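Structure first, commentary second.
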Amino acid sequence: ESRTCEGRKRSCDFSALCSLLSWSRWGPCNATCEMHGYQQRSRMFARFEEKEKCLKNKERRFKIFEEKRCKKDTALCDPVIICSEGLIMGSSCGKPVMKYFYDAAKHSCVPFEYLGCKGSLNNFPSKMSCEKACLAAVNALPQWRKDKMAHLQFQSQSNSDKRKKMPTMANKCRLEVKYGGMNCDGTMGPDIRYYYDNRNGRCRQFKYTGCDGNNNNFRSYHSCIKACMPDQIDFMKTAPIKACQVSQWSHWGPCSTTCGVGERFKWRSVLRPALNGGPACPELFLSEPCFATTC
């Protein structure tokens, strides 16, 4: 006895008219510390010659472009973290330009010749912008923290011979942070982890999605310090754990449109970053819809 049955279908069947390929990865986020930004992704038709006809189809709309809101990493907006980074002249690509960086030992912004590519976050287009970002934030710190900042800058600017005298860190500490994949199994949501930031020589908090990470990923601040900053273990035993402190919220800003529905924003700044594994900084800006009636 026999009967007919339907065979297993291909998981990627592009035989139908107007078949679409998979989405690309999300592009970079263009957010700033003051405003949300956007990320984009796209996909293509399996057969390019069908594109024009398919997009004109009024009965079925084909989505080949997507955009979503995003925000800048809170830690990258912390002036103390930015101003703690050492002087890095960058790599040569084009004509060198004059920039300014905050020198923690001198407590002033000093000029340097930037070679054009890469470098550190402690890199400002003018002395005024450098002073605006760093002086007030550093003045609010206790003296021991200012001294620590100067020491971190010195370490990051030391030559290779001086670095060899320092305790050796694990190889995994040299890896770039990897937040994980976008489609991880599980329902627990992002997990708070710690990674070692090679640029400024410290352990920082991040949200791990749960899969596709790397070994620069620690469950606790102390385990990150132990693996990547062994010279700081004794200091950690006596240093107090402190939470991030932020300012009060600003007033709501103006509506982004003069007619119809828009958005308005308010923000706050970091007064003191989290210290020695303390709770990380909360959201630095909020948005809400607004409606302008003068159309």
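One point on numbering: in our numbering, the residue at position 57 of the sequence shown is 1347, and numbering is uninterrupted.
Built from N, CA and C at the ideal position, the CB exists for glycine as well.
Nothing here was measured: the structure is a model prediction, and the numbers come from that model.
Contact under 8 Å by Cβ, residue i with residue j
i, j, result
"Cys1420", "Tyr1392", "yes"
"Lys1497", "Pro1480", "yes"
"Leu1405", "Ser1382", "yes"
"Glu1340", "Cys1308", "yes"
"Arg1558", "Ser1577", "no"
"Arg1562", "Leu1442", "no"
"Arg1331", "Glu1356", "yes"
"Asn1505", "Leu1465", "yes"
"Cys1373", "Ala1427", "yes"
"Met1540", "Lys1556", "The sequence given here places Ser at residue 1540; Met does not occur at that position. Yes."
Residue i - containing alpha helix (DSSP H), residue span
i, result
"Glu1342", "Lys1341 to Leu1345"
"Lys1516", "Tyr1511 to Cys1518"
"Ser1374", "Pro1369 to Ser1374"
Near the ligand MG: residue i beta-carbon under 7 Å from a heavy atom
i, result
"Asp1437", "As for the ligand MG, it is missing from this structure, which has no ligand bound."
Closer than 8 Å to chain D by CB, residue i
i, result
"Gly1327", "Looking at the structure shown, chain D is missing, and only one protein chain is on hand."
Rounded separation between residue i and residue j - CA only
i, j, result
"Thr1548", "Cys1580", "10 Å"
"Lys1452", "Phe1444", "Its pLDDT being 44, under 50, Lys1452 is placed unreliably in this model, and the value from its coordinates should be taken loosely. Their backbone Cα atoms lie some 10 Å apart in a straight line."
"Asp1437", "Asn1490", "15 Å"
"Gly1384", "Lys1422", "28 Å"
"Cys1571", "Thr1364", "7 Å"
"Gln1256", "Ala1394", "This structure cannot speak to residue 1256, because the chain is shown only from 1291 to 1585."
"Asp1502", "Cys1295", "39 Å"
"Ala1321", "Lys1343", "35 Å"
"Lys1358", "Gly1317", "10 Å"
"Thr1583", "Gly1550", "7 Å"
"Ser1450", "Asp1487", "Confidence at Ser1450 is low in this model, with a pLDDT of 33, below 50, so its placement is unreliable and the value that follows should be read with caution. For Ser1450 and Asp1487, the distance between alpha carbons rounds to 18 Å."
"Gly1552", "Leu1310", "32 Å"
"Ile1378", "Gly1409", "5 Å"
"Cys1407", "Lys1361", "24 Å"
"Ser1537", "Cys1424", "16 Å"
"Gln1535", "Arg1435", "15 Å"
"Pro1401", "Cys1323", "24 Å"
"Trp1542", "Val1560", "18 Å"
"Arg1351", "Cys1319", "27 Å"
"Met1325", "Cys1545", "13 Å"
Endpoints, the beta strand (DSSP E) within which residue i is located
i, result
"Leu1405", "Ser1398 to Cys1407"
"Cys1424", "Note, Cys1424: premise wrong, no beta strand (DSSP E); alpha helix (DSSP H) at Lys1417 to Asn1429."
"Ile1482", "Asp1481 to Asp1487"
"Gln1495", "Arg1492 to Tyr1498"
"Trp1316", "Premise fails: Trp1316 is in no beta strand (DSSP E) and is neither H nor E."
Integer-rounded CB distance, given that residue j should sit under 8 Å from residue i
i, j, result
"Pro1386", "Glu1375", "About 19 Å separates the two Cβ atoms, so there is no contact after all."
"Tyr1484", "Cys1493", "5 Å"
"Ser1314", "Arg1333", "6 Å"
"Cys1518", "Ala1460", "6 Å"
"Asn1413", "Lys1389", "5 Å"
"Ala1533", "Gly1500", "About 25 Å; that fails the 8 Å criterion."
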